[in-house]
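Trainee:
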Amino acid sequence: DAGVIQSPRHEVTEMGQEVTLRCKPISGHDYLFWYRQTMMRGLELLIYFNNNVPIDDSGMPEDRFSAKMPNASFSTLKIQPSEPRDSAVYFCASSPGRATYNEQFFGPGTRLTVL
Amino acid sequence: TQLLEQSPQFLSIQEGENLTVYCNSSSVFSSLQWYRQEPGEGPVLLVTVVTGGEVKKLKRLTFQFGDARKDSSLHITAAQPGDTGLYLCAANRDDKIIFGKGTRLHILP
Chain W
9 DAGVIQSPRH
19 EVTEMGQEVT
29 LRCKPISGHD
39 YLFWYRQTMM
49 RGLELLIYFN
59 NNVPIDDSGM
69 PEDRFSAKMP
79 NASFSTLKIQ
89 PSEPRDSAVY
99 FCASSPGRAT
109 YNEQFFGPGT
119 RLTVL
Chain A
45 TQLLEQSPQF
55 LSIQEGENLT
65 VYCNSSSVFS
75 SLQWYRQEPG
85 EGPVLLVTVV
95 TGGEVKKLKR
105 LTFQFGDARK
115 DSSLHITAAQ
125 PGDTGLYLCA
135 ANRDDKIIFG
145 KGTRLHILP
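Residue numbers (our numbering), protein chains in the order written: chain W, 9 to 123; chain A, 45 to 153.
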């Protein structure tokens, strides 16, 4: 079975450009999470969805970040405009149930570099 | 302030040695998870502990949840190069999973 799929795996862009990260969760999983990982701050939850509905976006750093989940098999995280401080590895994860008691399955991540 | 403090931040030891890493907090949690992350990949769940004082074993890895459910430890016996990676603890707060910054473990052959 395919795990969580993320694309692209690597993205290098210039400051001010729009960046779109994509995620396909595991089929049948009701929860989808977007995380950002840096050496300084570790792994931070940005936003999560339940049945395609955003539940908590309090981790989204600012209005430049937005996330959508138009259907159960696809989600995007968009940064517009991008800034050098957005450079990080962005992970998507999915879970079959509430994260408290269920395993989260992570994708391989997208390494974003903003010059 | 980091909700979950992991120590040590870095650990480099020889193959065959034993080691323990820690995850501490001042908060009480209903459950705690340990994940391992290898370079270029996402974290992978190793174990979930739920009951205070609970001990779970996964081959050479032993996980313990503190009696007060505020802390946890991971002990590795006879470490092998394949144990190299970033070990993350995670706990639920306000219905969200919070991760510690991790212990970066390197096992020297």
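Each residue gets a CB set at the ideal place from its N, CA and C atoms; glycine is no exception.
1) Determine the extent of the beta strand (DSSP E) in which Gln25 (chain W) is found, giving its start and end residues.
2) Let me check one thing: in DSSP terms, what residues is Val122 (chain W) bridge-paired to?
3) Would you call the CB atoms of Leu85 (chain W) and Glu19 (chain W) closer than 7 Å?
4) Just tell me which of A:Ser74, A:Asn136 and A:Gly60 has its CA closest to the CA of Glu98 (chain A).
5) If we cut at 7 Å on Cβ distances, does Leu54 (chain W) have a partner in chain A?
6) Which residues of the stretch 9-28 of chain W have a Cβ closer than 7 Å to any Cβ of chain A? Give them in chain order.
7) State the Cα-Cα distance for the pair Asp111 (chain A) and Lys100 (chain A), rounded to the nearest angstrom.
8) Could you have a look at Asp64 (chain W) and say whether DSSP puts it in helix, strand or coil?
9) Going along chain W, which residues have a C-beta under 7 Å from Pro153 (chain A)?
10) Chain A partners of Pro116 (chain W), CB-CB under 8 Å?
11) Can you tell me the Cβ-Cβ gap for Leu132 (chain A) and Leu51 (chain W), rounded? I've got them flagged as a contact below 8 Å.
12) Would you say Lys145 (chain A) faces chain W, with C-beta separation under 7 Å as the test?
13) Looking at the secondary structure, which residues open and close the beta strand (DSSP E) in which Gln77 (chain A) lies?
14) Based on Cα-Cα distance, which residue from W:Val122, W:Pro92, W:Gly24 and W:Asp38 lies nearest to Gln112 (chain W)?
15) When you compare only the Cα positions, how much space is there between Phe82 (chain W) and Trp42 (chain W)?
16) Assign Arg44 (chain W) to one of two classes, buried (16 or more other C-beta atoms within 10 Å of its C-beta) or exposed (fewer than that).
Mentor: Based on what the coordinates show:
1) Here Gln25 (chain W) belongs to no beta strand (DSSP E), and DSSP marks it neither H nor E.
2) Its beta-bridge partners are W:Thr21.
3) no
4) A:Ser74
5) no
6) none
7) 14 Å
8) strand
9) Residues of chain W passing the Cβ test: none, with the nearest at roughly 25 Å.
10) Gly84, Glu85 and Gly86
11) With a Cβ gap of about 7 Å, Leu132 (chain A) and Leu51 (chain W) count as contacting.
12) True, the Cβ-Cβ gap to chain W drops below 7 Å.
13) Leu76 to Gln81 is the extent of the beta strand (DSSP E) around Gln77 (chain A).
14) W:Asp38
15) 12 Å
16) Arg44 (chain W) is buried by the Cβ-count criterion.
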